[in-house]
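Count the sequence shown with the numbering used here and you get residues 21 to 292, in order.
I have placed the structure first, in the form of structure tokens, so that the comments after it can refer back to it.
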Amino acid sequence: MINGRPMTETQLAKVIVDNAVNRFINYLNNDPTDAQVFITAEMFRQLRQREGLWNDVDEAMYNLLEHFDEITKLAETSKRTQLEKMAKLLRIPFKELLDRAKKYDQAYASNNTSAMNEYKGWILQQTERLDATSLKYIYYGEPDGREDGLYVPIYDKMSLSPIFKIFSDGHQMREVYDFMMQNQIQMLKFESAVKSGGIPSFELFDENGNFNKKSLKNAPVQQQYFNLIGKQLNTDPHETGQTSLLTQFMKIAMMNVEDSTMYNVGGKKVSG
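Encoded structure:
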């Protein structure tokens, strides 16, 4: 009823839709789960170096993945010697690398997606030994530069996924990659990764699944430090023949107890 009068079908439909939107508005927001954080390939490289898990071959693969579309341009500069060294470390004939890169440039100019993907696939074959999987880290330390002046220690527990240029190319994530590089942002931290000391979050994608550049541009920036980051303790895979019955199972059983029903507990009759 509106003003004591029955609603028309159009009015009723609007009320139903508005009610549904109000109830489920949170589901329309992008809230990445599993404590996911995106980091640049450069930050991934620095973390690996600090662990002592980086060598010359890793460096060569890293450079090829990050500069796969600049080979011909770099070959005409003073960096040609570095390219030749990179190719040698990866056991790639330099002439073959240069020839393939030139064909990629031609394919890019003519928007030949198939030829571009073929080149990128070849690059990935040459760098398949690089372990670019997500890293599990924690961060704990004092806040830096909070506008509200509050002292709330920062505690993050997160999975760091590196964004390499070649992996993001041809996808919306390339826009994310370019934004991070242009603005010197090393890490995009989502709400689910923040346990304390959080600052206002942002929506990486809009309701239609498109990159929300405006939201990311207006997102707050927080400075954090490598000396306050540490690896999570991994539990090795194992098997066990016994496990403890935790309180969650007890609560499930107790939730189904009826007050008026008599139960046999240890040979005694007791009421719910």
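Think of the CB as a built atom: it goes at the ideal place given N, C-alpha and C, for glycine as much as any other residue.
Source: prediction; values computed, not measured.
Among G250, S291, M27, which has the Cα closest to the Cα of S280? S291
- Message: As a quick exercise: from Y159, Q69, Y160, F88, pick the residue whose alpha carbon is nearest that of D136.
- Response: Note on identity: in this sequence residue 136 is Met, with Asp being the wrong assignment. With distances taken between Cα atoms, M136 lies closest to F88.
| field | Contact belief for L84 with L94 at Cβ below 8 Å, rounded distance in angstroms | value | Not really, about 11 Å apart at Cβ, beyond 8 Å.
*For N238, count neighbouring Cβ atoms within 10 angstroms of its own Cβ and tell me buried if that reaches 16, exposed if not.*
exposed
_Taking 7 Å as the cut-off, is the beta-carbon of P173 closer than that to any non-hydrogen atom of the ligand FMN?_
Only the bare structure without any ligand can be found here, which leaves the ligand FMN out of the picture.
(message) DSSP three-state label for Y197, please.
(response) helix
Check your understanding: Between F246, S98, Q252, L109, which lies nearest to T147 when the distance is taken from Cα to Cα?
Key -> L109
**Prompt:** According to DSSP, what are the bridge partners of S296?
**Reply:** Because the chain is modelled from 21 through 292, residue 296 falls outside the range shown and cannot be assessed.
Margin query: Judging by CA-CA distance, which residue of D76, Y124, N203, A55 is the nearest neighbour of S181?
Written below: A55
Mapping DSSP to helix, strand and coil, what is N319? Outside the displayed span of the chain (21 to 292) sits residue 319, for which this structure offers no information.
Proximity of A329 and I183 at Cβ, strictly below 8 Å: Outside the shown range of the chain, which is 21 to 292, sits residue 329, and nothing can be said about it.
By DSSP's criteria, S291 is part of a beta bridge. Which residues make up the other side? M282
Exercise for review: May I ask you to report which of helix, strand or coil DSSP gives L19?
Suggested key: As shown, the chain starts at 21 and ends at 292. That puts residue 19 outside it, with no answer to give.
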